[in-house]
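K.L.:
Just passing along the structure, written as structure tokens.
Residue numbers (the working numbering), protein chains in the order written: chain A, 3 to 113; chain B, 47 to 162.
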């Protein structure tokens with residue numbers, strides 16, 4: 003069964019304290035892996051799409067990487083405005099356009 | 047690019063009434079749109095897949111007659127919650143699939159529905 007697991011569930015960082023969020027997935031085939039940021043009371047905001055192992059994408063303080071089993075979202079020198087829930091989603095090669103979402107990591111960055 | 051809007055952003059209605067939520071892709075065409083429901087501090091729960099010009103595909107456990115979905119054009123999908131009850135109160139979010147090569151889903155800002 004296709005599955006996506008994110009860890010940790012919640013993370014508190016001091017401003018400037020770099021860390022990584024993990025997204026482990028089990029799918030028969032991968033079309034794409036997506037990272038989103040969601041602020042309270044808002045819809046998810048698209049961050050990155052990764053398609054193949056070894057691929058990396060960067061945007062400001064965020065860097066996403068992909069292996070055959072997991073993806074990491076690295077946050078370098080985070081700021082309080084990076085506080086949000088980060089969602090990982092997988093698009094499997096199952097013949098539909100549906101994503102499988104993880105439960106998210108709630109990140110809190112303290113000033 | 048890739049902006050999705052939802053209207054209304056919030057709505058309060060009385061039990062037994064129907065509520066319609068619109069989802070629009072503003073700068074791209076979307077043959078496929080999705081409707082999600084999200085409970086507090088939980089992840090997204092897919093309700094249905096909406097395909098332009100055809101019937102929606104509902105996930106298991108979602109009542110088709112309660113949550114009516116129409117995808118009449120390449121930029122608009124609507125979700126109508128019929129005979130709403132307090133247990134239908136939730137945060138409803140739509141997404142539109144960008145078919146221009148990436149298959150990325152772009153999400154709307156969400157609609158907060160409160161049924162009294």
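Glycine included, C-beta positions come from ideal geometry on N, C-alpha and C.
Using 8 angstroms as the limit for Cβ to Cβ distance, is residue 27 (chain A) near chain B?
P.N.:
No, residue 27 (chain A) lies away from the interface with chain B (no Cβ there is under 8 angstroms from its Cβ).
K.L.:
Going by Cα to Cα distance, which pick from A:61, A:92, A:55, A:36 is closest to residue 80 (chain A)?
P.N.:
A:61
K.L.:
Kindly indicate which residue of A:7, A:19, A:66 has the alpha-carbon position closest to the one of residue 111 (chain A).
P.N.:
A:19
K.L.:
Taking 7 angstroms as the limit between beta carbons, can you name the residues of its chain near residue 90 (chain B), skipping five residues before and five after?
P.N.:
82, 84, 139
K.L.:
Determine the closest residue to residue 22 (chain A) out of A:11, A:34, A:5, with distance taken between C-alpha atoms.
P.N.:
A:11
K.L.:
At a Cβ threshold of 8 angstroms, is residue 56 (chain A) touching chain B?
P.N.:
Judged by the 8 angstroms Cβ criterion, residue 56 (chain A) is not in contact with chain B.
K.L.:
Is residue 119 (chain B) near the ligand ATP, judged by its Cβ being under 7 angstroms from some heavy atom?
P.N.:
This structure lacks the ligand ATP, and indeed carries no ligand of any kind.
K.L.:
So, is the C-beta of residue 136 (chain B) closer than 8 angstroms to a C-beta in chain A?
P.N.:
no
K.L.:
Hey, residue 69 (chain A) and residue 91 (chain A) are a contact pair by Cβ (cut 8 angstroms); roughly how many whole angstroms apart?
P.N.:
That belief does not hold up - the Cβ atoms of residue 69 (chain A) and residue 91 (chain A) are roughly 17 angstroms apart, past 8 angstroms.
K.L.:
So, at 8 angstroms on beta carbons, what are the nonlocal neighbours of residue 99 (chain A) in its own chain, with the 5 sequence-adjacent residues on each side left out?
P.N.:
93
K.L.:
Would you kindly work out how many angstroms separate the C-alpha atoms of residue 134 (chain B) and residue 46 (chain A), rounded to a whole number?
P.N.:
Whole-angstrom Cα-Cα distance: 21 angstroms.
K.L.:
Contact check, residue 117 (chain B) vs residue 96 (chain B) under 8 angstroms by CB: the rounded distance?
P.N.:
4 angstroms
K.L.:
Consider the Cβ of residue 31 (chain A): report whether some Cβ of chain B lies at a distance smaller than 8 angstroms.
P.N.:
no
K.L.:
Flag residue 64 (chain A) as yes if its beta-carbon sits less than 8 angstroms from any beta-carbon of chain B, otherwise no.
P.N.:
no
K.L.:
I'd like to know whether the C-beta atoms of residue 137 (chain B) and residue 107 (chain B) end up nearer to each other than 8 angstroms.
P.N.:
no
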